[in-house]
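A short worksheet on the structure shown next.
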Amino acid sequence: MQKLGMGQAVNQALKEEMQRDPNVFIAGEGVGVSIHVNPMFPTHGLLEEFGPGRVKDTPVSEAAIAGLAVGAAEAGLKPVVEIMFNPFFTLASDMIVNHAAKLRYLSGGKSSFPLVVRIKSGAGFGAGCQHSHNLEAWTAHCPGLKVVMPATAADAKGLLKSAIRDDNPVIFIEHMGLYFAPMPVPEQEYLTPLGQADIKRQGRDLTVVTWSGMLGVAMGAAEKLSQEGIEMEIVDLRTLTPLDRETILTSVEKTGRLIVLHEATRTGGFGGEIAAVVMEEGFRYLKAPLRRVTGPDIPVPASPPLEKFYIPDQNDLIKAAREIM
Amino acid sequence: MQKLGMGQAVNQALKEEMQRDPNVFIAGEGVGVSIHVNPMFPTHGLLEEFGPGRVKDTPVSEAAIAGLAVGAAEAGLKPVVEIMFNPFFTLASDMIVNHAAKLRYLSGGKSSFPLVVRIKSGAGFGAGCQHSHNLEAWTAHCPGLKVVMPATAADAKGLLKSAIRDDNPVIFIEHMGLYFAPMPVPEQEYLTPLGQADIKRQGRDLTVVTWSGMLGVAMGAAEKLSQEGIEMEIVDLRTLTPLDRETILTSVEKTGRLIVLHEATRTGGFGGEIAAVVMEEGFRYLKAPLRRVTGPDIPVPASPPLEKFYIPDQNDLIKAAREIM
Amino acid sequence: MNIPRKKQQEMLWTMILSRKFSDSLVELCRIEGKIPGMMILSTGQEAVGSGVCAALKQDDVIITNHRSHHHLLAKGADPKGLMAEIFCKKTGCNKGKSGTLHLTVPEVNAPCTTTVVGATLPIAVGRAFAQQYTQEQAVTVCFFGDGAADEGSFHEALNLAALWQLPVIFVCENNLYAGAQRYEEHTRVKDMAERARAYDMPGIIVDGNDAPAVYQAALEARQRALDGQGPTLMECKTYRCRGHGEQDPQHYQPRDEIRAWQEKCPIPRLSNMLIASGIINSAELQEMESMAESIVQEAVRFAEESPYPEPREALEDVYV
Amino acid sequence: MNIPRKKQQEMLWTMILSRKFSDSLVELCRIEGKIPGMMILSTGQEAVGSGVCAALKQDDVIITNHRSHHHLLAKGADPKGLMAEIFCKKTGCNKGKSGTLHLTVPEVNAPCTTTVVGATLPIAVGRAFAQQYTQEQAVTVCFFGDGAADEGSFHEALNLAALWQLPVIFVCENNLYAGAQRYEEHTRVKDMAERARAYDMPGIIVDGNDAPAVYQAALEARQRALDGQGPTLMECKTYRCRGHGEQDPQHYQPRDEIRAWQEKCPIPRLSNMLIASGIINSAELQEMESMAESIVQEAVRFAEESPYPEPREALEDVYV
Ligand SMILES: Cc1ncc(C[n+]2csc(CCOP(=O)(O)OP(=O)(O)O)c2C)c(N)n1
Ligand SMILES: Cc1ncc(C[n+]2csc(CCOP(=O)(O)OP(=O)(O)O)c2C)c(N)n1
Ligand SMILES: [Mg+2]
Ligand SMILES: [Mg+2]
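Chains as they are written, first to last, in this note's numbering: chain A, 1 to 325; chain B, 1 to 325; chain C, 1 to 320; chain D, 1 to 320.
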């Protein structure tokens, strides 16, 4: 099987979908001519292959980029636009949250907005809190949107292809930390359905619900704990909304214990949603208190030891697991 | 005691603080000359009393309004700016979330941003989802901000005065449905501290955690259930962040049962945070599953029966309470 | 100006229809419990909707805002569907999900209406991009107010539209007020059309109470757009004869000013002209008026008799 | 132009210091593990920071962006504090919270630095409003790039500043690129200064590689602001001699173009002029250079020897 970084997997999905459907186009800041020449980046080479008619470099204008997607999607095109870093989603948020998500409803179901907003996210590259701020909880709180956060290159490819074919607006959040580590990705064409979590590791003792960049942390910690005889089951959400409650609840029914692991800050994070769902629908399964392992409630700092302190790691997860075993 | 709508209470707080501190000024769309001449509105009469130097009508420019607050606050002024309706917070969100909340941290604690953003919110006036969209969960997920959502006129007054004197950026969300029902408000000067929840009704059987416009629903339902012998304890959060975990946990320790009630849509709402906190720190108190009584996961529709369907009511709460008793 | 008779009649007709529509709402919205939410009317501004839409073909798209009735009627929207939606009924063009503020009529190519001020502009850019991308022989018109021209979205949208030479006409309906703010209280620039230069785009000032002038300017802008010469900013100078909404007492609008503009009302202005030039006679005018009246009455009756949606219909139409 | 000798020397000095500072970083950031994050330098643009800041008094405020080193050094920031912050050390001017991208130095009235493109503008408006509100005899300078001038925040900020006649100078540092986009790929307007007219504000074009010209223009803009005549948009035409960041191979910048602009380098341009006019001699120039060199070396030494912050310090400075 080919080995790709997540950026390359995204690139492959974009390529395949653009080849398949002439209505797919991409737009954003530096999606064509870029300051990066690194083939690990998601839009590498697309300008050369598809030309400037379908690979649209835009001015630094996030609201216009998002509006471009909204208007073009209504017309039946399939825009895939990029927000360079998650904090800049704020600048596009009116167009996405008040328009992409709501205009269909406001039309009484007559208009539709089959667009994808790709957002680069994640801490770990020393750029500080105006570049690193995980805001998936914002979009997951907006009916009308779907929110996808792949944790592996293979999932990224299959999920992005599904997102592009979905007739609803999809927020597709890529953790940049995953761009650079090659992972196996099937060569043939495949679609990974939205709305289905994936159990990345089976285990009987404790359920860890996680997504995006934190999957690696969970898998590493699980290996270590396994040596102590604690078997964690790792549920990779993949899609935050629609949320796959069934997979979560089935797992908690088996293990009786829940940890939610996410990189975003704790308070108000999407971890709360997982907690609430389990407490509502899986209360009788629970044998122990919840633990959330998350970024602390601070902006992401730049300095390496501070940023490292921010990002949840295997030790944090192992400690939490021991507390509730 | 005087009886005031919440708008009038806010008005009184603004007046008192502007009289006390010449550095307090207000700005926003229609905060001076307004299309409303109704004295129930929060900024009524302030232009006449304090003049156009301190009551600044702005163009329709939410980013500039928020930026005005950020810059002026750094200089030591105390801006109180208004975002007319909660969905338009999107347009101000870069300035608030990436700047008001982060610039102090980025400066290493050297700069500070003592500003207040007042946001009008709430469904119930038939304007649809671009005017009614409760987004408190967004700001409550942003370290560096404090988020206040009063449920009574008296609290609104005391909390707004505290918010204005606080040296941190405070998001102060007013439910417009509360503007028009007169409620008792103490005449003398008082401050209500941020970060303290208030038990609005004592009860032994079930804890309802709520805030803002939903308090009235909770109180009404509590009266009815009381007649059946079910005594609900109503915790009015008042401040979402910093969150008063202690009051919540003490209440759940007593009752063993938890309902969270909020008007915002369910998935990703701040109800999840309450659930998670209790599941983490109060797990052993719990005798029954959680219930969340919230807006459904849809945009707020305009048509009266649809909007009524959207807004959680006493029956929804009573039904949820019966389920877990 | 050499405007086809039919076009001139059409403009007069859509203005009359639009005015009757508004006038009925002035009354209806004052009846307790009749119509939910705000009531925002375009009385006095009809020439903008009628003039612009007369210059468009069916395939052309309009993106409109909170003050949309005259745009939509001029584009050919069914008054019954609109009225029922304003009444928030199940038979409304948006099944009661929208109400009056974001009336959306994809059937006449008005597929994205938004009440977020300034938001029409980036969406129009996207819609026009699709026309360019698919090489459709059609344009997108974007309606917005003078207040909207102060939003950041105005700037980003015009810059991008000019850069890509998109087939879009930005119609700034300058009615001298944005909420309670007079024009010169929200910007220092004398004419909004001036702002076009900031993007190297043609900027045109039109008498927004002169339907044929609006038509002519829109026609030229449309042709430029179809010829690949990109967008135009068209400022239509008009006046908001009523309040921001019907609950607005207009205490900040000088009475003389209102009166003066009422005298410049675009409807008699055009009808007098058409009568003077023999394009219609006064019987025909009267017929237009009574026809409009009965269409509006029928729309009101339809709206009133229609049921509200069932509560659980609220759950529909969120996702495809 | 009749610029005091001392000012001319000062400009040359801050440019030389800034260049040495950048040059040292070119090397340092290539050493694995030495400096975290991106490295964005202002090589070739020093005349903008030096010319503008020479026109300012201590009390005047600057709001700067991701490409800030030359602004901050010209405003008098301590090179040690900056360098240590760039190294993300505890002794950095922001305790390692910021790193290189949002260097904030309230001590020299640079209290709000942001790497969100365009965000400096609304904040500068607020800061200038405070100066007007408290009747301070001081102005706010807002630095931003040509790319930033396409953000909506530019538009809202300039409109409000003009409307309220705030004491702010908007300095657009047009270095011909925004990321990998050439100027004419991100806007059609020939000169950014043109955009000032959209707000009825003076718009001025300055040779951004000519420090005395920049100084003169800033001085005049400052005086206008203090006189209550409001804001100025000042476009400084210059060139980004290095990549967007140091990892950018500049494959899209023509080699000749870079060379041509290197020949217009603002530092020899001013030093030659000052030598020619006898304001300094070449020994003094050499002394300046070696002094700058040793200050920068000392700053690097300080930064290298400083400890990182303790991990738990991450929890500090969120709230007052
Ligand atoms: C982003 C946003 N801010 C504020 C409002 C509230 N609002 C509705 S209409 C309006 C005034 C708009 O003025 P203008 O653009 O001139 O349009 P007009 O009402 O005059 O037609 C305002 C401030 C809004 N709907 N959206
Ligand atoms: C809102 C936002 N969008 C995108 C970026 C990424 N970005 C950083 S610098 C830059 C280019 C800015 O160009 P310009 O304003 O001309 O400044 P220069 O880098 O040339 O000094 C971009 C797109 C950002 N930091 N903020
Ligand atoms: Mg207007
Ligand atoms: Mg630039």
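Glycine residues also receive a C-beta, built at the ideal position from the N, C-alpha and C atoms.
{"Query": "Taking C/P212 and A/K110 to be in contact with their CB atoms under 8 Å, please state how far apart those CB atoms are, rounded to whole angstroms.", "Result": "At roughly 33 Å, the Cβ-Cβ gap does not stay under 8 Å, so C/P212 and A/K110 are not in contact."}
{"Query": "Pull out every residue of the stretch 111-138 of chain A whose Cβ sits closer than 7 Å to any Cβ of chain C, in chain order.", "Result": "S111, S112"}
{"Query": "If you draw a straight line from the alpha carbon of C/Q58 to that of A/G71, how long is it in whole angstroms?", "Result": "18 Å"}
{"Query": "Where do the ends of the beta strand (DSSP E) carrying A/K56 lie?", "Result": "55-57"}
{"Query": "List the residues of chain D whose Cβ lies closer than 9 Å to the Cβ of B/P143, in chain order.", "Result": "V318, Y319"}
{"Query": "Which residues in chain C have a C-beta closer than 7 Å to the C-beta of A/T58? List them in chain order.", "Result": "L160"}
{"Query": "Note down, one range per segment and in chain order, each alpha helix (DSSP H) of at least 4 residues found wholly within the stretch 117-196 of chain A.", "Result": "136-140, 153-165"}
{"Query": "List the residues of chain C whose Cβ lies closer than 8 Å to the Cβ of A/V70, in chain order.", "Result": "C112, P122, I123, G126"}
{"Query": "With distances taken from CA atoms, which of D/R30, D/T43, D/F21 is nearest D/P266?", "Result": "D/T43"}
{"Query": "Say yes only if the C-beta of C/D248 is nearer than 6 Å to one or more non-hydrogen atoms of ligand 5, and no if none qualify.", "Result": "Ligand 5 is not part of this structure, which contains only ligand 1, ligand 2, ligand 3 and ligand 4."}
{"Query": "Any beta-carbon of chain A closer than 7 Å to the one on C/A157?", "Result": "yes"}
{"Query": "With a threshold of 8 Å, are at least 3 pairs of Cβ atoms found where one atom belongs to the stretch 121-137 of chain B and the other to the stretch 115-132 of chain A?", "Result": "no"}
{"Query": "Taking B/V37 as the query, report the chain C residues whose CB atoms sit under 8 Å from its CB, ordered along the chain.", "Result": "P249, H251"}
{"Query": "If we define contact as Cβ-Cβ less than 7 Å, is C/V61 a contact residue for chain B?", "Result": "no"}
{"Query": "Can you have a look at D/M192 and say buried or exposed, based on whether 16 or more other CB atoms are within 10 angstroms of its CB?", "Result": "buried"}
{"Query": "Between which two residues does the beta strand (DSSP E) containing C/F143 stretch?", "Result": "140-145"}
{"Query": "Using a C-beta to C-beta distance shorter than 7 Å, which residues of chain A count as neighbours of C/P36?", "Result": "Here the premise fails: no neighbours, minimum Cβ distance about 15 Å."}
{"Query": "For the beta strand (DSSP E) that B/G28 lies in, which residues bound it at each end?", "Result": "24-28"}
{"Query": "With D/E151 and C/E151 assumed to form a contact (beta carbons below 8 Å), what rounded beta-carbon distance in angstroms separates them?", "Result": "With a Cβ gap of about 12 Å, D/E151 and C/E151 do not count as contacting."}
{"Query": "Given a cut-off of 7 Å on the beta-carbon distance, is the pair A/L240 and A/V147 in contact?", "Result": "yes"}
{"Query": "For a test of the three-state rule: what should DSSP assign to D/D207, helix, strand or coil?", "Result": "strand"}
{"Query": "On the CB-based measure, 16 or more other CB atoms within 10 Å of its CB, does D/I31 come out buried or exposed?", "Result": "exposed"}
{"Query": "Would a check of beta-carbon distances place C/E189 closer than 7 Å to chain D?", "Result": "Checking the sequence, you will find Val at residue 189 of chain C rather than Glu. So, interface residue."}
{"Query": "Does any C-beta atom of chain E lie closer than 7 Å to the C-beta of A/Y310?", "Result": "The chain inventory of the structure shown lacks chain E, comprising the protein chains A, B, C and D."}
{"Query": "State yes or no: is the C-beta of D/T140 within less than 7 Å of the C-beta of D/V61?", "Result": "yes"}
{"Query": "Which parts of the stretch 166-221 of chain C are runs of the beta strand (DSSP E), unbroken and 3 residues or longer, counting only runs that do not cross its ends?", "Result": "168-174, 203-207"}
{"Query": "Please name the residue in A/P182, A/P301, A/N168, A/L47 whose C-alpha comes closest to that of A/V117.", "Result": "A/N168"}
{"Query": "Could you check the C-alpha separation between B/P39 and A/A275 for me, to the nearest Å?", "Result": "44 Å"}
{"Query": "Would you check if the stretch 67-83 of chain B and the stretch 262-280 of chain D touch, i.e. whether three or more CB-CB distances between them fall below 8 Å?", "Result": "no"}
{"Query": "Output needed for D/Q229: all residues of its chain with C-beta closer than 8 Å, excluding positions within five of it in sequence on either side, in chain order.", "Result": "Q165"}
{"Query": "Quick check: does the Cβ of C/G145 come within less than 6 Å of any heavy atom belonging to ligand 3?", "Result": "yes"}
{"Query": "Identify every run of the beta strand (DSSP E) within the stretch 38-75 of chain D, keeping only runs that are complete inside it and at least 3 residues long; order them along the chain.", "Result": "61-63"}
{"Query": "Say the cut is 6 Å; is the CB of C/N65 nearer than that to a heavy atom of ligand 3?", "Result": "no"}
{"Query": "Starting from A/P304, follow the alpha helix (DSSP H) in both directions and report where the run begins and ends.", "Result": "304-310"}
{"Query": "B/T247 lies in the beta strand (DSSP E); which residues open and close that run?", "Result": "Where B/T247 is concerned, there is no enclosing beta strand (DSSP E), although the alpha helix (DSSP H) it sits in stretches over 245-255."}
{"Query": "Could you check if D/N109 is buried or exposed, using at least 16 other CB atoms within 10 Å of its CB as the buried criterion?", "Result": "buried"}
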